[in-house]
Each structure stands twice: as C-alpha cells, then as structure tokens.
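Colleague: Heads up: the sequence lines are chains A and B, in that order. For what it's worth, our numbering labels the leading residue of the first sequence as 730, then goes sequentially. For what it's worth, our numbering labels the leading residue of the second sequence as 30, then goes sequentially.
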Amino acid sequence: GEDVEQSLFLSVREGDSSVINCTYTDSSSTYLYWYKQEPGAGLQLLTYIFSNMDMKQDQRLTVLLNKKDKHLSLRIADTQTGDSAIYFCAESIPGGGNKLTFGTGTQLKVEL
Amino acid sequence: DTGVSQNPRHKITKRGQNVTFRCDPISEHNRLYWYRQTLGQGPEFLTYFQNEAQLEKSRLLSDRFSAERPKGSFSTLEIQRTEQGDSAMYLCASSLASGGANEQFFGPGTRLTVL
Chain A
730 GEDVEQSLFL SVREGDSSVI NCTYTDSSST YLYWYKQEPG AGLQLLTYIF SNMDMKQDQR
790 LTVLLNKKDK HLSLRIADTQ TGDSAIYFCA ESIPGGGNKL TFGTGTQLKV EL
Chain B
30 DTGVSQNPRH KITKRGQNVT FRCDPISEHN RLYWYRQTLG QGPEFLTYFQ NEAQLEKSRL
90 LSDRFSAERP KGSFSTLEIQ RTEQGDSAMY LCASSLASGG ANEQFFGPGT RLTVL
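1. Which residues, in chain order, does the segment 770 to 786 of chain A contribute to contact with chain B at a C-beta distance below 8 Å?
2. Tell me, please, whether the CB atom of glutamine 83 of chain B is closer than 7 Å to any CB atom in chain A?
3. Taking the beta strand (DSSP E) that alanine 814 of chain A belongs to, which residues open and close that run?
4. Considering only the beta carbon of each residue, do threonine 776 of chain A and serine 821 of chain A sit closer than 7 Å?
5. Against glutamate 132 of chain B, what residues of chain A qualify as contacts under a CB-to-CB distance less than 7 Å, listed in chain order?
6. I want to see whether chain E comes within less than 7 Å of glycine 826 of chain A, judged by CB atoms only; does it?
7. Establish whether the CB of phenylalanine 831 of chain A and some CB of chain B are separated by less than 7 Å.
8. Just to make sure I have the definition right: I need the residues of chain A whose C-beta is within less than 7 Å of the C-beta of arginine 145 of chain B. Which are they?
9. Taking glutamine 788 of chain A as the reference, give the member of A:Ser757, A:Asn827, A:Leu772 and A:Asp807 with the closest Cα.
10. Out of A:Glu743, A:Asn750, A:Leu841 and A:Leu737, state which residue places its alpha-carbon closest to the alpha-carbon of asparagine 795 of chain A.
11. Residues of chain A with a CB under 8 Å from the CB of leucine 120 of chain B: which are they?
12. Check for me: the beta strand (DSSP E) holding methionine 782 of chain A runs from which residue to which?
13. Going along the chain, which residues of its own chain have a beta-carbon closer than 8 Å to the beta-carbon of leucine 772 of chain A, five neighbours each way excluded?
14. Kindly indicate which residue of B:Pro72, B:Ser87, B:Gln79 and B:Arg110 has the alpha-carbon position closest to the one of phenylalanine 135 of chain B.
15. With three or more beta-carbon pairs closer than 8 Å as the criterion, would you say the segment 57 to 66 of chain B touches the segment 94 to 105 of chain B?
16. For isoleucine 830 of chain A, tell me which candidate among B:Gln35, B:Gly45 and B:Leu75 has the shortest Cα-Cα distance.
17. Mapping the DSSP letters down to three states, classify threonine 49 of chain B as helix, strand or coil.
18. What whole-angstrom Cβ distance do glutamine 66 of chain B and leucine 120 of chain B have, given they're in contact under 8 Å?
19. Along chain B, in chain order, which residues have C-beta atoms closer than 9 Å to that of phenylalanine 817 of chain A?
20. Using only CA atoms, which one of A:Phe779, A:Lys785 and A:Asp755 lies nearest to leucine 803 of chain A?
21. Going by beta carbon distance, what residues of the same chain come within less than 7 Å of glycine 730 of chain A, once the five residues before and after it are set aside?
22. Report the residue from B:Ser91, B:Leu89 and B:Ser104 whose alpha carbon sits nearest the alpha carbon of alanine 82 of chain B.
23. Taking Cβ to Cβ, would you say glycine 101 of chain B is nearer than 7 Å to asparagine 131 of chain B?
24. Which same chain residues end up closer than 6 Å to threonine 49 of chain B when comparing Cβ atoms and leaving out the 5 residues on each side of it in sequence?
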C-alpha cells in the first residue's frame, strides 16, 4: 500500500538551513512534491522532482531524491521566520489521475 | 490570474443536516480533485474529475458523499446526514492534465464543523 512518512517537528534558527525528510513506499511514483501549509490556509506547491532525477534546485530550495532508499528531502537555505509552516511531501502514482498521497507533515519552527 | 477558490470558507452545522461546498478551479484546468484533511494529518484523496466525468472515488467517500462537476468547470461536494466524524477541512485542487508533472494547485479549503 501507499505510505508516506515524515518527522513531525523541526526547529531551526533564522539564517540556518533546514532539512525536512520524507520516506515513501511506492516505487512506481513518478513525481514527488513538496507543499507548504500556513495556519488556516490551503496548500502551496513549492517544488517537485521527477523520479529519474536525483536533485533539483530552485532558489533557496534544494530537493534530493534517493530512489533506491525511497527517501526525499527538502533543504531550505537561509531559513526565515516566514518559512515557519507545515511542509508536506506527496507522491503521485501513474494512472488514477495522478492523485496525491501525502505524508503527515513536518512542522517547521524558525526561531530568532 | 485567479487561483482555485472555495466557498464557503467555514461551515458549522448540526449533526444530521446536509451541507454543500463549491469549488471553482483555475479556468483552463481540466482536472479537479477533492481531498479531506483532519487535524494533524496530511490531506487524503476523496475523488477527482476530468472535465465533467468523475473518474475515481476513494473508499473514504461513503454513500453520504456526492460530488458533481456538471459542465466541467466548478464542482460541488455534498454531504448528507452529516456526522461529527465529517468535521474536517475539505480541500479542492485543480490541474492541467498533461504528460508532465500534473501540478495540483489548491484552494484555501472549507472548514466543516459538525456539532
């Protein structure tokens, strides 16, 4: 079955890098996504990576994918207080309309 | 450029009542998804449409739930005879089906509280 796991909390100091980790179980995933959710709000798509890539960089965000270990990470460089939110990884399985299976989310707290 | 919109943003109802939510997707998007999110959890897939056709329903979608997308544009999600366990955030997303990443863009959600 599909299962996506994340650690629940991460606390970092402003200006440091944050690394949020995710493991997934379905090896047929084609795309993996990172979403950000602020309190009371919907989900904002941050970035995604295709399964045949091992790294993608987009400004302050770096996504690393280890397909062998089914491990995905999101690195946020120079973390700011505005980055405080819940971060979800999600996988998309081919077929079935590419519905997303989400992890439980990692709450990132950025301290001054 | 307008994103995905959902109405109402909040709904409080008594157990046993019917509720209906609306989602307006990004205008050129042909796929529309409904997800449910409970406190402390990630969103869970409920159903999706490609144009006006409902192509998949999750087993989470009991027979009290019905979704429509009559003209392939906006969609409604109705819950009949609401139960306290239906309390959740209901999220709508839309995408443009292609051979690529099929990025899904989410609306702000409708928070349902069943008393």
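Quick reminder that beta carbons are idealized off the backbone N, C-alpha and C, glycines included.
Modeller: Reading off the structure:
1. Residues Ala770, Gly771, Leu772, Gln773, Leu774, Tyr777 and Phe779.
2. Counting from one through the second sequence, the residue named residue 83 of chain B turns up at place 54. By this cut-off, glutamine 83 of chain B is not an interface position.
3. Locating residue 814 of chain A in the first sequence gives position 85, where the first residue counts as 1. Run containing alanine 814 of chain A: 814 to 821, per the beta strand (DSSP E) assignment.
4. Here residue 776 of chain A refers to the residue found at position 47 of the first sequence. Here residue 821 of chain A refers to the residue found at position 92 of the first sequence. Between threonine 776 of chain A and serine 821 of chain A, the C-beta gap is not smaller than 7 Å, which leaves the two residues out of contact.
5. The sequence position of residue 132 of chain B within the second sequence is 103, counting from 1. Within 7 Å Cβ-Cβ: Leu774 and Tyr777.
6. Absent from the structure is chain E; the protein chains it does hold are A and B.
7. On the first sequence, residue 831 of chain A is found 102 positions in, with the first residue counted as 1. Under the Cβ distance rule, phenylalanine 831 of chain A counts among the residues neighbouring chain B, one pair being separated by less than 7 Å.
8. A question about residue 145 of chain B goes unanswered here, because the residues of chain B that appear run from 30 up to 144.
9. On the first sequence, position 59 is the one that residue 788 of chain A refers to. Taking the Cα of glutamine 788 of chain A as reference, the smallest distance to any Cα among A:Ser757, A:Asn827, A:Leu772 and A:Asp807 is reached at A:Asp807.
10. Position 66 of the first sequence, counted from the start, is the residue given in the question as residue 795 of chain A. Distances from the CA of asparagine 795 of chain A to each of A:Glu743, A:Asn750, A:Leu841 and A:Leu737 were compared; the closest alpha carbon is that of A:Asn750.
11. Along the second sequence, one-based indexing puts residue 120 of chain B at 91. What leucine 120 of chain B touches in chain A: Gly771 and Leu772.
12. Taking the first sequence and counting its residues from 1, one reaches residue 782 of chain A at position 53. First-last for methionine 782 of chain A: undefined, no H or E at that position.
13. As a position in the first sequence, residue 772 of chain A is number 43, starting the count at 1. Here the set comprises Tyr764, Lys765, Gln766 and Phe817.
14. Looking up residue 135 of chain B in the second sequence gives position 106. For the residues B:Pro72, B:Ser87, B:Gln79 and B:Arg110, the minimum Cα distance to phenylalanine 135 of chain B belongs to B:Pro72.
15. The segment 57 to 66 of chain B, when compared against the segment 94 to 105 of chain B, does touch it at the 8 Å Cβ threshold.
16. Locating residue 830 of chain A in the first sequence gives position 101, counting from the first residue. The sequence given here places threonine at residue 830 of chain A; isoleucine does not occur at that position. Comparing alpha-carbon positions, the option among B:Gln35, B:Gly45 and B:Leu75 lying closest to threonine 830 of chain A turns out to be B:Leu75.
17. Against the second sequence, residue 49 of chain B aligns to sequence position 20. Strand.
18. For the purposes of this step, residue 66 of chain B is identified with residue 37 of the second sequence, where counting begins at 1. For the purposes of this step, residue 120 of chain B is identified with residue 91 of the second sequence, where counting begins at 1. About 6 Å separates the two Cβ atoms, so the contact holds.
19. By 1-based counting over the first sequence, the position of residue 817 of chain A is 88. Here the neighbours are Gly71 and Pro72.
20. Here residue 803 of chain A corresponds to residue number 74 of the first sequence, with the count starting at 1. Of A:Phe779, A:Lys785 and A:Asp755, the residue nearest in Cα terms is A:Lys785.
21. Taking the first sequence and counting its residues from 1, the one referred to as residue 730 of chain A is at position 1. Caution is warranted here: a pLDDT of 42 is assigned to glycine 730 of chain A, below 50, making its placement in the model unreliable, and the coordinate value is therefore given only provisionally. Hits under 7 Å: none found.
22. Along the second sequence, read from residue 1 onward, the residue named residue 82 of chain B stands at position 53. For the residues B:Ser91, B:Leu89 and B:Ser104, the minimum Cα distance to alanine 82 of chain B belongs to B:Ser104.
23. Position 72 of the second sequence holds residue 101 of chain B. Position 102 of the second sequence holds residue 131 of chain B. Not closer than 7 Å, so no.
24. As a first step, residue 49 of chain B must be located in the second sequence, where it is residue number 20. Within the same chain, Thr105 and Glu107 come within 6 Å of threonine 49 of chain B by CB-CB distance, once the 5 residues on both sides are set aside.
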